[in-house]
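Residue numbers (the numbering used here): 44 to 276.
Every residue gets a Cβ at the ideal spot worked out from N, C-alpha and C, and that includes glycine.
Heads up: the structure comes next, in structure tokens.
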């Protein structure tokens, strides 16, 4: 797809607001009427999270935030309602709070299937969406290699190749580099969006906010010399 600008997104598969933000961004792009490419980058809110579930989502959140279970259950109910308004289903009683490091690597395995930067970005975005569904709606363990291989095969990747890539950590440095880039940019939480390399947005903003940022960035770029279109890396 011919695009005019790129929105770079830092997000974590285990972040519900990142899932909500993804859909609001897509609506914002549609509202803007512009041709926009979206490039997803990895971030870990809990790099030391366990690889096997040891608690419920409410219990995990209570531990992290140092809150009581009544409060965290209320927080999750609120997120569920917001997600439902975006057409998303979050089954907190099924969610397995685990480390997202391997799942984030799978996004890079998907990107590698693209023959062009545009195809890679689209493949990465599709995998991000599928992983959100698997985590929040289906309650699958995204720190389990076999589960990730099943998802990869479902998405058209070669199962044996993905298994070897996960086991060898072929894309582990890509995830680490994304996290380092986020730190160097001063990103403290996700979702975080950089529009056309010039406008930063934090949090799951409303679609109109994304649309306005996209149109503002394009207006600024159009005022610059020829060759203003932004390329994917």
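Closer than 6 Å by C-beta to residue 74: which residues in its own chain qualify, once you throw out the five before and the five after it? Chain order, please.
-> Translated into positions along the chain shown, residue 74 becomes position 31. For residue 74, where only same-chain residues beyond five positions count, the Cβ hits under 6 Å are 250 and 254.
Take residue 211 as the anchor and find which of 145, 244, 108 and 164 has the nearest alpha-carbon.
-> Taking the chain shown and counting its residues from 1, one reaches residue 211 at position 168. The shortest Cα separation from residue 211 among 145, 244, 108 and 164 belongs to 145.
Pick from 71, 80 and 191: whose alpha carbon is nearest that of residue 94?
-> Residue mapping note: residue 94 aligns to position 51 of the chain shown, counting from 1. Checked all of 71, 80 and 191; the closest Cα to residue 94 is 191.
In chain order, each beta strand (DSSP E) run of at least 3 residues that lies wholly inside the stretch 102 to 185 = Entirely contained in the stretch 102 to 185, not one beta strand (DSSP E) run reaches 3 residues.
Leaving aside the five residues before and after residue 120 along the sequence, list all residues of the same chain whose C-beta is less than 7 Å from its C-beta, in chain order.
-> Numbered from its first residue, the chain shown carries residue 120 at position 77. So no residue of the chain qualifies.
Bridge-paired residues (DSSP) for residue 237 = Here residue 237 is taken as the residue at index 194 of the chain shown, counted from 1. BP columns for residue 237 point to 51 and 243.
Whole-angstrom distance between residue 233 and residue 223, CA atom to CA atom = The residue you call residue 223 lines up with position 180 of the chain shown. The residue you call residue 233 lines up with position 190 of the chain shown. Their Cα atoms are separated by approximately 14 Å.
Give a yes or no on contact between the stretch 112 to 127 and the stretch 78 to 86, applying the rule of three or more CB pairs nearer than 8 Å.
-> Taking one beta carbon from each stretch, the stretch 112 to 127 and the stretch 78 to 86 have fewer than 3 pairs nearer than 8 Å; the two do not touch.
Just the C-alpha distance for residue 79 and residue 71, rounded to the nearest angstrom, thanks.
-> Within the chain shown, the letter at position 36 stands for residue 79. Within the chain shown, the letter at position 28 stands for residue 71. Rounded to whole angstroms, residue 79 to residue 71 spans 10 Å at the Cα level.
Residue 183 burial status per 10 Å Cβ neighbour count (16 or more: buried) = The count along the chain shown starts at 1 and reaches residue 183 at position 140. Burial call: buried.
Can you check whether the CB of residue 63 is closer than 8 Å to the CB of residue 257?
-> Residue mapping note: residue 257 aligns to position 214 of the chain shown, counting from 1. Residue mapping note: residue 63 aligns to position 20 of the chain shown, counting from 1. Taking the C-beta atoms as reference points, residue 63 is found no nearer than 8 Å to residue 257.
With residue 199 and residue 81 assumed to form a contact (beta carbons below 8 Å), what rounded beta-carbon distance in angstroms separates them?
-> For the purposes of this step, residue 199 is taken as residue 156 along the chain shown, with counting starting at 1. For the purposes of this step, residue 81 is taken as residue 38 along the chain shown, with counting starting at 1. 19 Å between Cβ atoms; not a contact.
Enumerate in chain order the residues of its own chain whose CB-to-CB distance from residue 166 is below 6 Å, with the five nearest sequence positions on each side excluded.
-> If you number the chain shown from 1, residue 166 lands on position 123. Excluding sequence neighbours, residue 166 sits near 153, 154, 156 and 157.
Identify, in the order they occur along the chain, each residue of the same chain with its Cβ nearer than 8 Å to the Cβ of residue 107, setting aside the five sequence neighbours on each side.
-> Translated into the one-based positions of the chain shown, residue 107 becomes position 64. For residue 107, where only same-chain residues beyond five positions count, the Cβ hits under 8 Å are 89.
Measure the C-alpha to C-alpha separation of residue 228 and residue 237 and round it to an integer number of angstroms.
-> Start at 1 with the first residue of the chain shown, and residue 228 comes out as number 185. Start at 1 with the first residue of the chain shown, and residue 237 comes out as number 194. Rounded to the nearest angstrom, the gap between the Cα atoms of residue 228 and residue 237 is 10 Å.
Give the secondary structure of residue 46 by DSSP, where H, G and I count as helix, E and B as strand, and everything else as coil.
-> Your numbering for residue 46 matches position 3 in the chain shown. When DSSP states are grouped into helix, strand and coil, residue 46 belongs to the coil group.
Taking residue 58 as the reference, give the member of 226, 123 and 97 with the closest Cα.
-> To locate residue 58, count along the chain shown from 1; it is residue 15. The candidate whose alpha carbon is nearest that of residue 58 is 123.
Are there 16 or more other CB atoms within 10 angstroms of the CB of residue 189, so buried, or fewer, so exposed?
-> If you number the chain shown from 1, residue 189 lands on position 146. Classification for residue 189: exposed.
Under the three-state DSSP convention, the category residue 215 falls into = For the purposes of this step, residue 215 is identified with residue 172 of the chain shown, where counting begins at 1. Shown here, residue 215 sits in a helix according to DSSP, grouped into three states.
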